[in-house]
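Numbering (the numbering used here), first residue to last: 3 to 360.
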Ligand code: PMV
């Protein structure tokens, strides 16, 4: 009878309103600018990971989405997350032994089997790597019973996929770029908890669930190497935006939140276009969504912003709005994109199915 130790957990997706794009250190994954995101509620877009450790396992292995075994020997980022969490476990075991605890299980020496699945399209610009790596690191921390803070764990998840550090917290989360070269202060912190702004909703419009053409890793590298606009963004734009959007969130000021969100999405895609050769993540449907939301915002009597679009490294739109506007926006999308709304997988027509932005 083999002995094993097992933990399962789930992690949500986060959608940035100030985008992370560019690394100053590609191994430690240190960003060129700070970023800020909203963590979506768990049920609709999440990763679920089970990790089992056993002295009988010959090798550490990983299966993704129930079918595919991933080659982890050449996956440096995954190895980094495993190494860092094992190191903390080893330290913890040593501490317990020092304290005279008799039965310390040497989990740090066991191989692990990891099963991870997403309940949404993987690598389609819906932040699957964020929830996936956050879930991996969180589940390892649970299995190893690590006595460390979530912010500490965020520094490990960051080394799997930058944006993953933000998925360890719920609510409104900043990833501070930090100033140290060893990454010791490049970490996620919670700006406000999920119940701070319960009226905020995120509507996900799946334009395409195909895998993206240019990965974020490759895209960022090319942008850092070739885009003069990125320098302007890093130095002149993002620091001020981080302050203003934090204020907007703390004051639940949707006008300010929406404007900054749309401006930042626009600038991120402008920076992609400024990359040489250019990177295109938006397609015609994405651009049509931008036009519809722009029109919607300017059509009301007081020109109040009622919705904000944002796009990551793919064509899918996320629309932030306040709960009272959700039915109107769904009708609008259904009206302008009738051919695209084939079934309830294309968009979420039931307000109860929308992902609360909290
Ligand atoms: O963490 P990565 O390597 O998947 O990069 C994510 C980049 C964006 O999603 C485009 C922006 C962000 O801040 O999440």
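Just so you know, even glycine gets a beta-carbon here, dropped at the ideal spot from N, CA and C.
In this text the structure is predicted, and so the values were computed from the model without any measurement.
Any idea which residues DSSP pairs residue i with across the strands?
i	result
residue 27	32
residue 93	Paired residue(s): none; residue 93 is not in a bridge.
residue 55	7 and 114
residue 167	Residue 167 is not bridged to any residue.
residue 14	48
residue 103	DSSP, once it has assigned bridges, lists no residue as partnering residue 103.
residue 322	204 and 310
residue 64	72 and 116
residue 20	38
residue 223	Per DSSP, none; premise fails for residue 223.
residue 239	Residue 239 pairs with nothing; no bridge assigned.
residue 175	39 and 192
Taking 8 Å as the line, does the beta carbon of residue i fall inside it for any heavy atom of ligand 1?
i	result
residue 314	yes
residue 133	no
residue 122	no
residue 270	yes
residue 260	no
residue 418	There is simply no residue 418 to check, as the chain begins at 3 and stops at 360 in what is shown.
residue 166	yes
residue 319	no
residue 17	yes
residue 28	no
residue 248	no
residue 219	yes
residue 22	yes
residue 39	yes
residue 36	no
residue 264	no
residue 222	yes
residue 13	no
residue 43	no
residue 163	yes
Would you mind giving the Cβ-Cβ distance between residue i and residue j, rounded to the nearest angstrom? I have them listed as a contact below 8 Å.
i	j	result
residue 256	residue 40	So it is not a contact: roughly 13 Å between Cβ atoms.
residue 20	residue 187	Actually they do not touch by this definition, with Cβ atoms about 18 Å apart.
residue 86	residue 144	No, residue 86 and residue 144 are not in contact; Cβ-Cβ is about 15 Å, not under 8 Å.
residue 193	residue 251	6 Å
residue 55	residue 109	5 Å
residue 94	residue 148	6 Å
residue 36	residue 205	Residue 36 to residue 205, Cβ: 26 Å. No contact.
residue 17	residue 25	Contact doesn't hold; Cβ gap of about 20 Å is too wide.
residue 277	residue 225	4 Å
residue 142	residue 159	At roughly 10 Å, the Cβ-Cβ gap does not stay under 8 Å, so residue 142 and residue 159 are not in contact.
residue 263	residue 322	6 Å
residue 139	residue 83	6 Å
residue 8	residue 52	7 Å
Determine, for residue i, whether the minimum Cβ-Cβ distance to residues of chain D falls below 9 Å.
i	result
residue 262	Going by chain labels, chain D is absent from the structure shown, which holds only one protein chain.
Would the C-beta of residue i count as close to ligand 3, meaning under 8 Å from any of its heavy atoms?
i	result
residue 146	Of the ligands one can find in the structure shown, namely ligand 1, none is ligand 3.
Give a yes or no on contact between the stretch 161-174 and the stretch 130-148, applying the rule of three or more CB pairs nearer than 8 Å.
-> yes
Are the stretch 301-313 and the stretch 247-263 touching by the rule of at least three beta carbon pairs closer than 8 Å?
-> yes
Count the C-beta pairs between the stretch 287-303 and the stretch 311-320 that are closer than 8 Å, then say yes if the count reaches three, no if not.
-> yes
Three-pair Cβ contact test at 8 Å for the stretch 10-26 versus the stretch 65-82 | no
Segment contact, 8 Å Cβ cut-off, at least three pairs: the stretch 188-199 with the stretch 230-246 | no
At a cut of 8 Å, does the stretch 201-212 reach the stretch 222-237 through at least three beta carbon pairs?
-> The stretch 201-212, when compared against the stretch 222-237, does not touch it at the 8 Å Cβ threshold.
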